[in-house]
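**Student:** Chains as they are written, first to last, in the numbering used here: chain R, 1 to 226; chain Z, 227 to 508. Positions of the beta carbon are idealized from the N, C-alpha and C atoms, including for glycine. Let me give you the structure first, and then I'll get to my questions.
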């Protein structure tokens, strides 16, 4: 489904006496299979978020190509990017919740942003909240939820638009084991329904509950596939 | 999409009422000032046109011309074409008219003899300045003509005044228009920066740039429209106060009003377009 071919990403930085490139990703070659569960391991600063940003076209590769099916993402026109992103469900490292909106409104916001009619929005939001067991709390605000519930809310928001792929950036950060298991179960069930899941994590001890997954380890922007 | 954009524009307005009101007020003052100068220009133009209607060529004749010579000059002038009427005033009639003013009559009496020449008042059918110029120049070279006048200096001076006033009006209006534009840019940027999180999420979930941009553009349009309405409303108020005291003052013709109103809306739109561009990068 998604193919990285010799992908490099560097950022230009100017220090006090030097101008240099910072290598975020170096010669990445990987294929993420449709319907697969892909885990990206690596410490902080390894390039995991950059990897995910390249898929959503928030960044362009400095070298190499990224393919989504047959489409070369490095050459995609700006006006087509929003339509690509509608196929993706994002789970952000910093949640990116809107604290002045209720839980229901946070999710509905996603569907309004792509101009779906009101009748469709209500049913879809309820369906997504049901999947993460937050339907009874739909009129609460994010600050009234626990850390784990906020993460479940993020998953619901990612699922509401029936994406082809979920990109989850450190979804297990700061969660206890029980909540981590719960989230893994939700993602696993989503994966079983045919949605590709790509998850970035720095926690090698995460228990994937006998899920069959493909993985890639990033260290200093370089890869070790396993 | 339009419904969503209108709802969001309305919410933005409510959220930053003070900033929006400042932008609208600044724009309405710009339009008011340009409107005042336009009003002055329109009415001065009317004065000039009225003057032109009354402009006649006055042809002063040499002294001691015979009646036949005077008649011949009159016929020659009439044959030039475009002449509506020629009224002859003799030296005695000119003296009699001027002597109605006691002071002038006293001075003329002191002089002993009548210094005033006989004259023709020539009324044209087509009173355009070029026609007046043309005919006056030709009459000047006739035999027996002392001097030809048709108020050309007065009309020229009035035209210069109008030009000066219009230039000041336009200059001031442009300056204030730039200030209004800056205020609208500031207001929209303030609102956008308060909604950066929402905008970012919208971009990441697949909202198009046009969809994100639309509420802010509408907000700018609405601010421009309200500024234009307020400005023109204030201008009409001033006009109303003036016509209570002075008769015959014209208001702005429709094309100028539409221009001012349209200009206000355009400033609002451009301001919001400029301010949102930076934040819409996908």
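Could you pull out every residue in the same chain whose Cβ sits closer than 8 Å to the Cβ of residue 312 of chain Z, ignoring the five residues on either side in sequence?
**Tutor:** Walking along the second chain from the start, residue 312 of chain Z turns up at place 86. Excluding sequence neighbours, residue 312 of chain Z sits near 300, 303, 304, 346, 347, 348 and 349.
**Student:** Does residue 344 of chain Z come out as helix, strand or coil in the three-state DSSP assignment?
**Tutor:** In the second chain, the residue the question calls residue 344 of chain Z occupies position 118. Correct three-state label for residue 344 of chain Z: coil.
**Student:** Mind listing which residues of the region 39-61 of chain R have their C-beta closer than 9 Å to chain Z's C-betas, in chain order?
**Tutor:** For the region 39-61 of chain R, which is checked against every Cβ of chain Z, the residues closer than 9 Å are 56, 57 and 58.
**Student:** Does the distance from the C-beta atom of residue 61 of chain R to that of residue 103 of chain R stay below 8 Å?
**Tutor:** What you label residue 61 of chain R is simply residue 61 of the first chain in a count that begins at 1. What you label residue 103 of chain R is simply residue 103 of the first chain in a count that begins at 1. It is not a contact, given that the beta carbons lie outside the stated cut-off.
**Student:** So with CB distances below 8 Å, who are the chain R contacts of residue 230 of chain Z?
**Tutor:** Position 4 of the second chain, counted from the first residue, corresponds to residue 230 of chain Z. Result: 112 and 115.
**Student:** Are the CB atoms of residue 458 of chain Z and residue 492 of chain Z within a distance shorter than 8 Å?
**Tutor:** Taking the first residue of the second chain as position 1, residue 492 of chain Z is located at position 266. Taking the first residue of the second chain as position 1, residue 458 of chain Z is located at position 232. It is not a contact, given that the beta carbons lie outside the stated cut-off.
**Student:** Residue 211 of chain Z: which of Z:468, Z:445 and Z:353 sits nearest, CA to CA?
**Tutor:** Chain Z is shown from 227 up to 508; residue 211 of chain Z falls before or after that span and cannot be answered.
**Student:** So which residues on chain R does residue 418 of chain Z lean against when the C-beta distance must stay under 7 Å?
**Tutor:** What you label residue 418 of chain Z is simply residue 192 of the second chain in a count that begins at 1. Within chain R, no residue comes near residue 418 of chain Z; the closest Cβ sits about 15 Å away, beyond 7 Å.
**Student:** Pick from R:1, R:34, R:192 and R:22: whose alpha carbon is nearest that of residue 9 of chain R?
**Tutor:** The count along the first chain starts at 1 and reaches residue 9 of chain R at position 9. Nearest option by C-alpha distance: R:22.
**Student:** Can you tell me where the alpha helix (DSSP H) with residue 318 of chain Z in it begins and where it stops?
**Tutor:** Within the second chain, the letter at position 92 stands for residue 318 of chain Z. Segment 317-324, the alpha helix (DSSP H) holding residue 318 of chain Z.
**Student:** Residue 123 of chain R lies in the alpha helix (DSSP H); which residues open and close that run?
**Tutor:** Numbered from 1 along the first chain, position 123 holds the residue referred to as residue 123 of chain R. Where residue 123 of chain R is concerned, the enclosing alpha helix (DSSP H) stretches over 118-131.
**Student:** If you follow the alpha helix (DSSP H) that residue 425 of chain Z is part of, which residue opens it and which one closes it?
**Tutor:** For the purposes of this step, residue 425 of chain Z is taken as the residue at position 199 of the second chain. Segment 422-431, the alpha helix (DSSP H) holding residue 425 of chain Z.
**Student:** Apart from the five residues just before and just after residue 63 of chain R, which ones in its own chain have a Cβ nearer than 6 Å to its Cβ?
**Tutor:** Position 63 of the first chain holds residue 63 of chain R. Closer than 6 Å at the Cβ level, and outside the excluded window around residue 63 of chain R, lie 8.
**Student:** May I ask you to report which of helix, strand or coil DSSP gives residue 57 of chain R?
**Tutor:** In the first chain, residue 57 of chain R corresponds to position 57, counting from 1. Residue 57 of chain R falls in the coil class under three-state DSSP.
**Student:** Let me know the secondary structure DSSP gives residue 195 of chain R once reduced to three states.
**Tutor:** If you number the first chain from 1, residue 195 of chain R lands on position 195. DSSP places residue 195 of chain R in coil when its eight states are reduced to three.
**Student:** Beta strand (DSSP E) containing residue 63 of chain R: first to last residue?
**Tutor:** Residue 63 of chain R sits at position 63 when you count from the first residue of the first chain. Residues 63-68.
**Student:** Buried or exposed for residue 471 of chain Z, please, with buried defined as at least 16 other CB atoms from any protein chain shown within 10 angstroms of its CB.
**Tutor:** Numbered from its first residue, the second chain carries residue 471 of chain Z at position 245. Classification for residue 471 of chain Z: exposed.
**Student:** Classify residue 158 of chain R as helix, strand or coil using the three-state DSSP reduction.
**Tutor:** The residue you call residue 158 of chain R lines up with position 158 of the first chain. It is helical.
**Student:** If contact means a Cβ-Cβ distance below 8 Å, which residues of the region 411-435 of chain Z contact chain R?
**Tutor:** Here the close residues are 423, 424, 426, 427, 428, 429, 430, 431, 432, 433, 434 and 435.
**Student:** Rounded to a whole number of angstroms, what is the C-alpha to C-alpha distance between residue 159 of chain R and residue 89 of chain R?
**Tutor:** Taking the first residue of the first chain as position 1, residue 159 of chain R is located at position 159. Taking the first residue of the first chain as position 1, residue 89 of chain R is located at position 89. Near 6 Å, if we compare the C-alpha coordinates of residue 89 of chain R and residue 159 of chain R.
**Student:** Considering only residues of the same chain and omitting the five flanking positions on each side of residue 506 of chain Z, which have a CB-CB separation below 7 Å?
**Tutor:** One-based indexing of the second chain puts residue 506 of chain Z at position 280. 435, 438 and 439, listed in sequence order.
**Student:** Counting only C-beta atoms, is residue 83 of chain R closer than 8 Å to chain Z at any point?
**Tutor:** As a working mapping, residue 83 of chain R is identified with position 83 in the first chain. Output row for residue 83 of chain R: interface = yes.
**Student:** With a threshold of 6 Å on Cβ separation, who are the neighbours of residue 266 of chain Z within its own chain once the five nearest residues in sequence on each side are excluded?
**Tutor:** For the purposes of this step, residue 266 of chain Z is taken as the residue at position 40 of the second chain. Counting only Cβ-Cβ distances below 6 Å, and skipping sequence neighbours, we find 391.
**Student:** Could you give the distance in angstroms between the alpha-carbon of residue 397 of chain Z and the alpha-carbon of residue 387 of chain Z?
**Tutor:** Within the second chain, the letter at position 171 stands for residue 397 of chain Z. Within the second chain, the letter at position 161 stands for residue 387 of chain Z. Cα-Cα distance, rounded: 15 Å.
**Student:** Confirm, please, whether the CB-CB distance from residue 375 of chain Z to residue 284 of chain Z is below 8 Å.
**Tutor:** The sequence position of residue 284 of chain Z within the second chain is 58, counting from 1. The sequence position of residue 375 of chain Z within the second chain is 149, counting from 1. In contact: residue 284 of chain Z and residue 375 of chain Z (Cβ atoms closer than 8 Å).
**Student:** So, do the region 475-484 of chain Z and the region 426-434 of chain Z have three or more beta carbon pairs nearer to each other than 8 Å?
**Tutor:** Contact fails: fewer than three Cβ-Cβ distances are below 8 Å.
**Student:** Give the interface partners of residue 1 of chain R over in chain Z, defined as CB-CB distance under 7 Å, in chain order.
**Tutor:** Position 1 of the first chain, counting from 1, holds the residue named residue 1 of chain R. Chain Z residues near residue 1 of chain R: none, gap ~18 Å exceeds 7 Å.
**Student:** Between Z:441, Z:290 and Z:256, which lies nearest to residue 344 of chain Z when the distance is taken from Cα to Cα?
**Tutor:** Sequence index remark: in the second chain, residue 344 of chain Z carries index 118 (1-based). The shortest Cα separation from residue 344 of chain Z among Z:441, Z:290 and Z:256 belongs to Z:290.
**Student:** Measuring straight from C-alpha to C-alpha, what distance separates residue 410 of chain Z and residue 235 of chain Z?
**Tutor:** Position 184 of the second chain, counted from the start, is the residue given in the question as residue 410 of chain Z. Position 9 of the second chain, counted from the start, is the residue given in the question as residue 235 of chain Z. Cα to Cα, the separation comes out at about 14 Å.
**Student:** So what does DSSP say about residue 436 of chain Z, is it helix, strand or coil?
**Tutor:** Taking the second chain and counting its residues from 1, one reaches residue 436 of chain Z at position 210. Three-state result, residue 436 of chain Z: helix.
**Student:** So for residue 276 of chain Z, helix, strand or coil by DSSP?
**Tutor:** By one-based count along the second chain, residue 276 of chain Z stands at place 50. Residue state, collapsed to three classes: helix.
**Student:** Based on Cα-Cα distance, which residue from Z:314, Z:389, Z:447 and Z:342 lies nearest to residue 325 of chain Z?
**Tutor:** Reading the second chain from its first residue, position 99 is the one you call residue 325 of chain Z. If we check each option's Cα against that of residue 325 of chain Z, Z:342 comes out closest.
**Student:** Which of the three DSSP states is assigned to residue 28 of chain R in this structure?
**Tutor:** Stepping through the first chain from its first residue, residue 28 of chain R is reached at position 28. Residue 28 of chain R: strand per DSSP, three-state reduction.
**Student:** In chain order, what residues of the same chain have a beta carbon less than 7 Å from the beta carbon of residue 193 of chain R, not counting five sequence neighbours either side?
**Tutor:** Counting from 1 along the first chain, the entry for residue 193 of chain R is found at position 193. Same-chain partners within the cutoff: there are none.
**Student:** Relative to the C-alpha of residue 151 of chain R, which residue among R:131, R:163, R:162 and R:191 is closest?
**Tutor:** Here residue 151 of chain R is taken as the residue at index 151 of the first chain, counted from 1. Measuring from the Cα of residue 151 of chain R, the nearest candidate turns out to be R:131.
**Student:** Within 10 Å of its beta-carbon, does residue 122 of chain R have 16 or more other beta-carbons around it, so buried, or fewer, so exposed?
**Tutor:** For the purposes of this step, residue 122 of chain R is taken as residue 122 along the first chain, with counting starting at 1. Result: exposed.
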